[in-house]
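Number 629 marks the last residue of the sequence shown (the numbering used here); no jumps. Everything on this sheet refers to the single structure shown next.
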Amino acid sequence: MDGSDSKTEVSHELTDGFHLIIDALKLNGINNVYHVPGIPVTDLGRMMQAEGMRVISFRHESNAGNAAATAGYLTRKPGVCLTVSAPGFLNGLVSLAHATTNCWPMILISGSSEREIVDLQKGDYEEMDQLAVAKPLCKAAYRILHAEDIGVGIARAIRAAVSGRPGGVYLDIPASLLGQVIDAKTGAQSLIKVIDPSPAQIPAPHAVDRALDVLKGARKPLLILGKGAAYAQCDAIVRQFVERTGAPYIAMSMAKGLLPDDHPQYAGAARSLVLKESDCVMLIGARLNWLLGHGQGKQWGERFTKKFIHVDIDPKEMDSNQPISAPLVGDIESTLSLLLARMDQWAPPPTDWTEAVNAKRAANVERMAPRLANNNVPMDFHGALGRLKRVFADHPDAILVNEGANTLDFARSIIDMSRPRKRLDVGTWGVMGIGMGTAIAAAVETGHPIVAVEGDSAFGFSGMEVETICRYGLPVCVVVFNNSGIYRGTDADPTGRDPGTTVFVRESRYDLMMQAFGGEGVTARSPDDLERAVRDAIASGKPTLVNAIIDPEAGTESGRIGNLNPQSAVQRK
Ligand code: ADP
Ligand code: TPW
Ligand code: MG
57 MDGSDSKTEV
67 SHELTDGFHL
77 IIDALKLNGI
87 NNVYHVPGIP
97 VTDLGRMMQA
107 EGMRVISFRH
117 ESNAGNAAAT
127 AGYLTRKPGV
137 CLTVSAPGFL
147 NGLVSLAHAT
157 TNCWPMILIS
167 GSSEREIVDL
177 QKGDYEEMDQ
187 LAVAKPLCKA
197 AYRILHAEDI
207 GVGIARAIRA
217 AVSGRPGGVY
227 LDIPASLLGQ
237 VIDAKTGAQS
247 LIKVIDPSPA
257 QIPAPHAVDR
267 ALDVLKGARK
277 PLLILGKGAA
287 YAQCDAIVRQ
297 FVERTGAPYI
307 AMSMAKGLLP
317 DDHPQYAGAA
327 RSLVLKESDC
337 VMLIGARLNW
347 LLGHGQGKQW
357 GERFTKKFIH
367 VDIDPKEMDS
377 NQPISAPLVG
387 DIESTLSLLL
397 ARMDQWAPPP
407 TDWTEAVNAK
417 RAANVERMAP
427 RLANNNVPMD
437 FHGALGRLKR
447 VFADHPDAIL
457 VNEGANTLDF
467 ARSIIDMSRP
477 RKRLDVGTWG
487 VMGIGMGTAI
497 AAAVETGHPI
507 VAVEGDSAFG
517 FSGMEVETIC
527 RYGLPVCVVV
537 FNNSGIYRGT
547 DADPTGRDPG
557 TTVFVRESRY
567 DLMMQAFGGE
577 GVTARSPDDL
587 ERAVRDAIAS
597 GKPTLVNAII
607 DPEAGTESGR
617 IGNLNPQSAV
627 QRK
């Protein structure tokens with residue numbers, strides 16, 4: 057045997073950490089990775105690409121992480137973000153915590169320094185005890201030290217991310233792991249294909265009976281669908297259940313479109329009435345957190361007079377804010393199926409309730425219509441969003457990404473969604489900066505046209521990723537609602553020295569940012585212009601940024617949550 061032959065034979069029989077990570081991810085159907093390169097993971101990203109994985113390379117890890125979180129939400133498989141050590145890891149950590157808060161499955165994989173150096177604090181390049189930092193901020197955190205443990209490490213990360221209540225998982229990859237060489241056959245045998253990663257969780261029969269008794273006893277039932285119901289991807293069963301009850305329902309922001317927003321039972325336009333007047337509220341994949349005023353306060357009417365039924369996969373969620381008369385701990389698909397199986401003879405709610413809700417909804421829709429039809433220049437939020445509402449009505453497959461304060465709150469209530477998981481936004485924390493990462497992942501994972509409706513401040517947090525959008529040629533139309541500031545563009549420094557803290561350069565040319573990287577950039581000053589520009593962008597599929605100039609006076613402080621701002625009791629001269 058000459059030298060070259062033996063070389064071929066050896067390389068055939070060996071594998072290493074790089075390849076085992078790739079093989080383990082692919083074995084489990086994970087083919088997309090959201091990434092920022094650098095030591096020690098540059099070659100890992102390159103090899104992933106060479107092995108046929110889709111590697112989307114970002115300009116900042118926060119955006120790559122938000123993309124991974126979005127991929128997890130849309131696909132029910134953990135979205136993977138791959139970063140470098142310390143600063144790259146920390147940049148990715150915000151999105152890992154955000155994914156966990158949103159109950160979305162994600163794995164943050166970060167390269168790290170060698171334990172011998174980190175643990176004695178000898179001062180390595182980008183030294184940090186990343187595992188310890190990540191632990192309190194995610195659902196689970198693991199480190200892999202030996203190549204033969206990569207199969208177990210990836211399997212544990214996948215299971216932790218998607219089983220039960222989904223969340224973020226941190227996976228620490230010390231640099232030396234990547235280069236560790238082992239026998240290829242042993243390596244292949246050590247990989248694990250995770251069987252049934254998010255197993256069904258079936259509620260007990262008596263819990264199902266109890267819930268049906270409570271619902272049957274209601275005179276004014278209300279259903280609330282949350283993003284957990286959208287995540288569950290059992291859309292036909294959710295629709296069947298809602299229709300069988302005959303009860304009015306409202307959808308939390310990302311559950312919009314689970315049933316079409318023009319559904320006769322949709323009470324979104326009568327939200328105040330149904331929250332206050334209902335006598336029984338059934339939560340389906342929605343938490344009774346701040347977004348629902350913790351289920352108490354003026355908007356909910358008198359305390360302790362309502363009964364709550366709560367469907368959630370996490371038993372700890374029950375009674376977190378209000379007493380739950382009928383906890384239903386299980387996955388939504390199994391739980392609603394069991395309920396439906398017992399609802400053959402179901403009587404609809406009393407008509408005085410459904411008619412009162414319908415009348416209120418019709419009155420509110422009628423009152424809003426003329427505001428949405430305005431063609432004012434400068435544009436206000438209603439005129440601009442009235443047009444985008446029409447565009448979305450004609451493009452039910454388009455995905456709306458939405459962030460900002462006024463831009464978020466108005467768009468959520470004005471733009472109807474008619475299909476599930478077509479609205480992606482700031483989530484449970486109200487995070488500014490999710491926009492471009494979310495838009496990129498939505499385009500990559502679904503191939504659908506994306507329209508990102510962005511406050512000008514919100515856009516600024518991730519705006520550099522327009523280069524990424526252009527580089528990958530993604531069908532993303534970014535609409536910047538440019539009111540020259542945070543909430544409004546009218547603030548002033550009382551001393552006259554600096555700009556006010558919430559104002560930006562007036563009428564900034566965000567459109568030129570997209571042009572700088574070869575995309576289309578358009579300025580829209582009227583609702584007519586805006587509608588035309590967005591329709592053109594969707595038709596062309598080209599990366600486009602529409603700089604929509606909005607009246608700086610049109611917004612209000614913090615949009616609809618101004619009441620959460622603390623007030624100073626002190627007046628200084
Ligand atoms: P929203 O913000 O839309 O109100 P939340 O994020 O507060 O929604 O709530 C989502 C809930 O859905 C979480 O409590 C989570 O545990 C739950 N959940 C997620 N997936 C499932 C599932 N497959 N079955 C049941 N509950 C789920
Ligand atoms: C990571 C605080 C909430 S909303 C907002 C900020 C900075 C921007 C609102 O201005 P925008 O929208 O986007 O121009 P509009 O239409 O009202 O003018 N940092 C993070 N997250 C949050 N939520 C903030 C700051 C915030
Ligand atoms: Mg603004």
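Cβ atoms here follow ideal geometry from the backbone N, Cα and C, with glycine treated the same way. On a predicted model such as this, the values are computed, not experimentally measured, just so you know.
Which residues in the same chain have their Cβ closer than 8 angstroms to the Cβ of residue i, if we skip the five residues on either side of it in sequence?
i: V500; result: N88, R110, I112, A123, A127, Y528, L530
i: I95; result: V140, S141, G167, Y181, E182, A231
i: R446; result: E587
i: R398; result: V264, D265, L268
i: P452; result: S474, R475, K478
i: A153; result: L193, C194, G224
i: F364; result: C336, V337, M338, L339, L344, G351, Q378, P379, I380, S381, A382
What do you get for residue i, buried or exposed, if any count of 16 or more other CB atoms within 10 angstroms of its CB means buried?
i: D175; result: exposed
i: H262; result: exposed
i: E65; result: Any reading at E65 must be qualified, since the residue scores a pLDDT of 47, below 50, and its modelled position is unreliable; the value itself is stated next. Result: exposed.
i: D554; result: exposed
i: V237; result: exposed
i: A292; result: exposed
i: F360; result: exposed
i: M569; result: buried
i: P362; result: Position check: residue 362 holds Lys in this sequence, whereas Pro was assumed. By the neighbour-count rule (16 or more Cβ atoms within 10 Å), K362 is buried.
i: S513; result: buried
i: N431; result: exposed
i: P505; result: buried
i: V133; result: Correcting the residue identity first, residue 133 is Lys in this sequence and not Val. By the neighbour-count rule (16 or more Cβ atoms within 10 Å), K133 is buried.
i: E69; result: exposed
i: R628; result: exposed
i: K598; result: buried
If you follow the beta strand (DSSP E) that residue i is part of, which residue opens it and which one closes it?
i: P230; result: 224-230
i: A604; result: 600-605
i: M162; result: 162-168
i: A458; result: The sequence given here places Asn at residue 458; Ala does not occur at that position. Residues 455-459.
i: H91; result: 88-91
i: D512; result: Note, D512: premise wrong, no beta strand (DSSP E); alpha helix (DSSP H) at 512-516.
i: P383; result: 382-385
i: I365; result: 363-368
i: I340; result: 336-340
i: D481; result: 479-481
i: S277; result: The sequence given here places Pro at residue 277; Ser does not occur at that position. 277-281 is the span of the beta strand (DSSP E), which, as asked, contains P277.
i: Y198; result: 196-199
Taking a contact to mean a Cβ-Cβ separation below 9 angstroms, would you say residue i touches residue j in this structure?
i: L138; j: A498; result: no
i: L100; j: I210; result: no
i: M435; j: I470; result: no
i: I340; j: F297; result: yes
i: D368; j: R616; result: no
i: H518; j: N147; result: The residue asked about is misnamed: residue 518 is Ser in this sequence, not His. Taking 9 angstroms as the Cβ cut-off, S518 and N147 do not qualify as a contacting pair.
i: E521; j: A572; result: no
i: L83; j: L348; result: no
i: I206; j: L76; result: yes
May I ask which residues mark the beginning and end of the alpha helix (DSSP H) holding residue i?
i: F560; result: From DSSP, F560 is part of no alpha helix (DSSP H); its letter is neither H nor E.
i: L392; result: 388-397
i: A211; result: 206-218
i: S328; result: 327-333
i: R527; result: 522-527
i: Y543; result: Neither: Y543 is in no alpha helix (DSSP H) and is coded neither H nor E.
i: D408; result: 407-428
i: V174; result: 171-175
Give me, in chain order, the residues of the same chain whose beta-carbon lies closer than 6 angstroms to that of residue i; leave out the 5 immediate sequence neighbours on both sides.
i: A593; result: C533, T600
i: G541; result: T558, V559, F560
i: L386; result: For the sequence presented, residue 386 should be read as Gly rather than Leu. If we look at G386 and ignore the five residues flanking it on each side, its Cβ neighbours are Q257, I258, P259.
Assuming residue i contacts residue j under a Cβ cut-off of 8 angstroms, what Cβ separation, rounded to an integer in Å, is found between them?
i: A609; j: N621; result: Looking at the sequence provided, one finds Glu at residue 609 rather than Ala. No, E609 and N621 are not in contact; Cβ-Cβ is about 19 angstroms, not under 8 angstroms.
i: P253; j: R221; result: That belief does not hold up - the Cβ atoms of P253 and R221 are roughly 14 angstroms apart, past 8 angstroms.
i: D335; j: D472; result: At roughly 28 angstroms, the Cβ-Cβ gap does not stay under 8 angstroms, so D335 and D472 are not in contact.
i: C290; j: I388; result: 6 angstroms
i: P405; j: A303; result: 5 angstroms
i: K332; j: G351; result: Actually they are not in contact, since the Cβ atoms of K332 and G351 sit about 12 angstroms apart, beyond 8 angstroms.
i: A197; j: D72; result: Not confirmed; about 24 angstroms, so no contact.
i: L149; j: L201; result: That pair is no contact at about 21 angstroms.
i: L278; j: V294; result: Going by Cβ atoms, the distance from L278 to V294 rounds to 15 angstroms, so no, they are not a contact pair.
Who are the near neighbours of residue i in its chain, counting only those whose CB is closer than 7 angstroms to its CB and skipping five residues on each side?
i: E510; result: E459, G460, T463, G491, V534, V535, V536, F537
i: K63; result: Here K63 scores only 47 on pLDDT, less than 50, and its place in the model is too uncertain to base an answer on.
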